[in-house]
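Notes follow once the structure below has been shown.
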Amino acid sequence: MPIPASQPLPPSADSAAAPAGGSVTDRLVEANRRYADAFTDPGMDARPVQKVAVVACMDARIDLHRALGLELGDCHTIRNAGGVVTDDIIRSLTISQRALGTRSVVLIHHTGCGLLGLTEDFRHDLAAEVGQRPTWAVEAFKDLDEDVRQSMQRVRTSPFLLHTDDVRGFVFDVTTGLLREIDPQG
Ligand SMILES: [Zn+2]
Numbered sequence: 001m002p003i004p005a006s007q008p009l010p011p012s013a014d015s016a017a018a019p020a021g022g023s024v025t026d027r028l029v030e031a032n033r034r035y036a037d038a039f040t041d042p043g044m045d046a047r048p049v050q051k052v053a054v055v056a057c058m059d060a061r062i063d064l065h066r067a068l069g070l071e072l073g074d075c076h077t078i079r080n081a082g083g084v085v086t087d088d089i090i091r092s093l094t095i096s097q098r099a100l101g102t103r104s105v106v107l108i109h110h111t112g113c114g115l116l117g118l119t120e121d122f123r124h125d126l127a128a129e130v131g132q133r134p135t136w137a138v139e140a141f142k143d144l145d146e147d148v149r150q151s152m153q154r155v156r157t158s159p160f161l162l163h164t165d166d167v168r169g170f171v172f173d174v175t176t177g178l179l180r181e182i183d184p185q186g
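The UniProt record's numbering puts the first residue of the sequence shown at 1, with every later residue one more than the last.
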């Protein structure tokens with residue numbers, strides 16, 4: 001995937017001087033005011049009611065709560081590009097289980113993922129452009145099912161987690177909204 005030649009970023013919009021309608025962030029802040037107006041304290045503590053952590057891709061087409069029938073307070077949602085189990089995902093899962101009582105892990109990758117089209121060239125091009133190698137792996141993949149299996153394996157074999165017996169992996173189809181479970185054995 002070609003990386004655009006580096007260009008100076010446009011100056012960020014000064015929110016005080018934002019035109020009518022404002023930036024996207026201005027609109028989010030405005031939406032939040034309406035949300036807070038109707039909000040009542042749910043009176044929950046931080047421990048997820050369903051004792052489950054969902055690790056998923058950051059893809060904008062996946063509405064995890066609606067897709068899984070989850071309510072506010074039910075679960076931890078941990079998202080990154082690809083829903084790949086990186087060290088930072090393990091960090092979050094470790095805190096989720098050891099400090100906040102979750103016991104089950106659900107992994108969700110999806111069809112049409114942006115990482116499917118990437119290769120390690122992305123990393124090489126990035127290093128060439130900025131003159132510095134990223135410390136992280138791109139974690140691109142070509143085989144969705146295999147990547148879900150690898151993610152399940154990384155969770156199951158983590159020495160930091162208390163609960164690795166209920167770890168299940170799925171591919172979410174962004175055109176049908178359906179989950180397809182992945183057999184960890186292939
Ligand atoms: Zn994705």
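The beta-carbon is built from N, C-alpha and C at its ideal position, and this holds for glycine as well.
Beta-carbon proximity check, residue i vs residue j, cutoff 9 Å
i           : j           : result
residue 107 : residue 168 : yes
residue 166 : residue 103 : yes
residue 161 : residue 90  : yes
residue 174 : residue 34  : no
residue 93  : residue 55  : yes
Same chain, Cβ closer than 8 Å to residue i, five either side skipped, listed in chain order
i           : result
residue 100 : 46, 47, 48 and 76
residue 37  : none
residue 170 : 106, 107, 108, 109, 148, 179, 180, 181 and 182
residue 177 : 67
residue 30  : 22
Close-in-space but distant-in-sequence residues of the same chain around residue i (CB under 6 Å, 5 per side omitted)
i           : result
residue 44  : 73
residue 216 : Here the chain covers residues 1 to 186 and nothing more, so residue 216 does not appear.
residue 133 : 127
residue 144 : 109 and 171
Own chain residues within Cβ distance below 7 Å of residue i, not counting five before or after
i           : result
residue 58  : 79, 80 and 81
residue 152 : 107, 167, 169 and 184
Specify which residues have a beta carbon nearer than 5 Å to any heavy atom of ligand 1, listing them in chain order.
Screening all residues for a C-beta within a distance smaller than 5 Å of any heavy atom in ligand 1 leaves 57, 59 and 113, in chain order.
Completely contained alpha helix (DSSP H) runs for the stretch 95 to 162, where each covers 4 or more residues:
Restricting attention to alpha helix (DSSP H) runs no shorter than 4 residues, the stretch 95 to 162 encloses them at 121 to 130 and 144 to 156, ordered along the chain.
Under 8 Å, with one C-beta from each stretch per pair, do the stretch 82 to 89 and the stretch 130 to 147 reach the 3-pair mark?
Using a C-beta cut-off of 8 Å, the stretch 82 to 89 makes contact with the stretch 130 to 147, since at least three inter-stretch Cβ pairs fall below that distance.
Ignoring anything shorter than 3 residues, give me the beta strand (DSSP E) runs that lie fully in the stretch 22 to 89, in order along the chain.
Whole beta strand (DSSP E) segments, 3+ residues: 52 to 57 and 75 to 80.
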